[in-house]
Amino acid sequence: MSLVVEVRHRLGDFSLDAGFTAEGGVTALFGRSGSGKTSLIRIIAGLTRPSEGRVQLGDDVLVDTSRRLFVPPHRRRFGYVFQEARLFPHLTVRQNLNYGRWFSPKGARPENPGRIIALLGIGDLLDRQPANLSGGEKQRVAIGRALLASPRLLLMDEPLAALDEERKAEILPYLERLRDEAGIPIVYVSHSVAEVSRLADRVVLMAGGRVEAVGPVSDVLGGPRLASAIDRREAGSVLSGHVETRDAEHGLATIRLDGGAAILVPGAMVSPGDAVRLRIPARDVMVATVRPEGLSALNILEGTVEAIEPDGEGMASLRIACGGDHVRARITALSVERLGLTPGLPVHAVIKTVALE
């Protein structure tokens, strides 16, 4: 079921002019704070009426300002998960979940509560009060409540932003299961490269109220336009592959990338055959013109320089083709000069295993 968004809206001095099309899976609205992500998802939800434009889910037109058509939020059948869980403090977890079920429309295929509870791992929380839950547990319950309303689309507005790193690590595996098993299209707002790299199927990159790029997560998060949305130090590559083997003694897994190369990563939580996605920070990639020896780094990939992009601040971003994959490296302009790096030059990308996510 495709989601089509083409809207324009003005909020004080801020102007939003954005459009994209999403086909199922997880679509991330990604960008810096103030880029227009939340304004856009509120328009999709029906919480904000745009000045101009159109929103359509499948064959159902929800907004068309040229026809003065506007479907109110309660008739859109969308689930919405906010930054804060917003659970009813006087109700138990079970009662909060049942509240979501009351909004499931007649004739809609009801969600199986047991399936959702198992999916989110909240079975042992049902008789507890929200005050006795951790931040991660509250968010899982909020997601369950949204799912039990049988939504056609799930909107998640930075659901991990209020959590510390430990709580984020706790909830991310459940979000992955939700993506893979729930079968509901998701629009996910975030300014975290790590979250988007791990969860999204495609990225809508936003800056200044405009869409800078739309495409697969590996293309957008490894593309040149990413600098408009993040600090350059966060730039990197997102590669996909499968676990080939796992060395339990050393806690390492061999990943066969889709492009053919093999790479070693910390692999305590994966098994052979698992599909995985790797994020390689550009700042943790060294470049050598000859194959180095005597290094602690376990991953040395042969490749060819495809592009060199100076940033005007004494640094440069290199795009290196390694078989069918592309790795980005961030090095000094002086290193580019001393190594004589030019597009087409064979090089070796040296990647520290401990830097991989």
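Numbering-wise (UniProt numbering), the sequence shown opens with residue 1 and increments by one.
For each residue, glycine too, the CB sits at the ideal point set by N, CA and C.
Enumerate in chain order the residues of its own chain whose CB-to-CB distance from residue i is below 7 angstroms, with the five nearest sequence positions on each side excluded.
{"i": "Ile116", "result": "Gly144, Leu147, Leu148"}
{"i": "Leu87", "result": "Asn96, Pro130, Lys138, Val141, Ala142"}
For residue i, is the classification buried or exposed, using 16 other Cβ atoms within 10 angstroms of its Cβ as the cut-off for buried?
{"i": "Ser35", "result": "buried"}
{"i": "Asp59", "result": "exposed"}
{"i": "Val290", "result": "exposed"}
{"i": "Asn96", "result": "buried"}
{"i": "Asn299", "result": "buried"}
{"i": "Ala248", "result": "exposed"}
{"i": "Glu337", "result": "exposed"}
{"i": "Gly273", "result": "exposed"}
{"i": "Pro72", "result": "exposed"}
{"i": "Glu158", "result": "buried"}
{"i": "Met206", "result": "buried"}
{"i": "Thr27", "result": "buried"}
{"i": "Gly123", "result": "exposed"}
{"i": "Leu11", "result": "exposed"}
{"i": "Ser2", "result": "exposed"}
Kindly indicate which residue of the options has the alpha-carbon position closest to the one of residue i.
{"i": "Arg246", "options": "Ala235, Ile263, Glu234, Leu239", "result": "Ile263"}
{"i": "Glu166", "options": "Thr21, Gly135, Glu249, Arg86", "result": "Gly135"}
{"i": "Gly79", "options": "Glu23, Ala85, Leu119, Ser150", "result": "Ser150"}
{"i": "Tyr188", "options": "Ile331, Ala248, Leu29", "result": "Leu29"}
{"i": "Pro173", "options": "Asp219, Glu212, Leu119", "result": "Leu119"}
{"i": "Arg152", "options": "Leu91, Pro159, Arg76", "result": "Arg76"}
{"i": "Leu160", "options": "Val7, Asp13, Ala194, Gln129", "result": "Ala194"}
{"i": "Glu176", "options": "Glu313, Ala275, Thr38", "result": "Ala275"}
{"i": "Leu163", "options": "Phe82, Ser51, Glu306, Val4", "result": "Phe82"}
{"i": "Val47", "options": "Arg32, Ile331, Leu155", "result": "Residue identity check: residue 47 is Leu in the sequence provided, not Val. Of Arg32, Ile331, Leu155, the residue nearest in Cα terms is Leu155."}
{"i": "Leu334", "options": "Ile308, Val214, Leu356", "result": "Ile308"}
{"i": "Ala182", "options": "Gly344, Asn112, Val196", "result": "Asn112"}
{"i": "Leu133", "options": "Arg32, Gly100, Ala85, Ser104", "result": "Ala85"}
{"i": "Phe14", "options": "Ala253, Ser39, Glu6", "result": "Ser39"}
{"i": "Ala235", "options": "Arg319, Lys168, Ser66, Glu244", "result": "Arg319"}
Counting only the same chain and skipping the five closest in sequence on each side, list residues whose C-beta sits under 6 angstroms from that of residue i.
{"i": "Glu170", "result": "Gly136"}
{"i": "Leu295", "result": "none"}
{"i": "Asp180", "result": "none"}
{"i": "Gly259", "result": "Gly323, Gly324, Asp325"}
{"i": "Leu257", "result": "Leu239, Gly241, Asp325"}
{"i": "Met286", "result": "Val350"}
I'd like to confirm the pairing. Which residues does DSSP put opposite residue i in its beta bridges?
{"i": "residue 375", "result": "Here the chain covers residues 1 to 357 and nothing more, so residue 375 does not appear."}
{"i": "Met156", "result": "Val81, Tyr188"}
{"i": "Asp247", "result": "Leu252"}
{"i": "Ile300", "result": "Val350"}
{"i": "Arg140", "result": "Arg140 pairs with nothing; no bridge assigned."}
{"i": "Phe20", "result": "Val5"}
{"i": "Asp325", "result": "Cys322"}
Compare the C-beta of residue i with all C-beta atoms of chain D and state if any pair is closer than 8 angstroms.
{"i": "Asp311", "result": "The structure shown contains no chain D; it holds only a single protein chain."}
May I ask whether a heavy atom of the ligand ZN can be found less than 7 angstroms away from the beta carbon of residue i?
{"i": "Thr304", "result": "Of ligands this structure carries none, so the ligand ZN is not represented either."}
**Message:** Contact between the segment 336-354 and the segment 261-281 is defined here as three or more beta-carbon pairs at a separation below 8 angstroms; is this criterion met?
**Reply:** Yes, since at least three Cβ pairs between the segment 336-354 and the segment 261-281 fall closer than 8 angstroms, the two stretches touch.
Quiz item: How about the segment 12-24 and the segment 200-215: do they share at least three Cβ pairs that are nearer than 8 angstroms?
Solution: Counting Cβ pairs under 8 angstroms, three or more are found: they touch.
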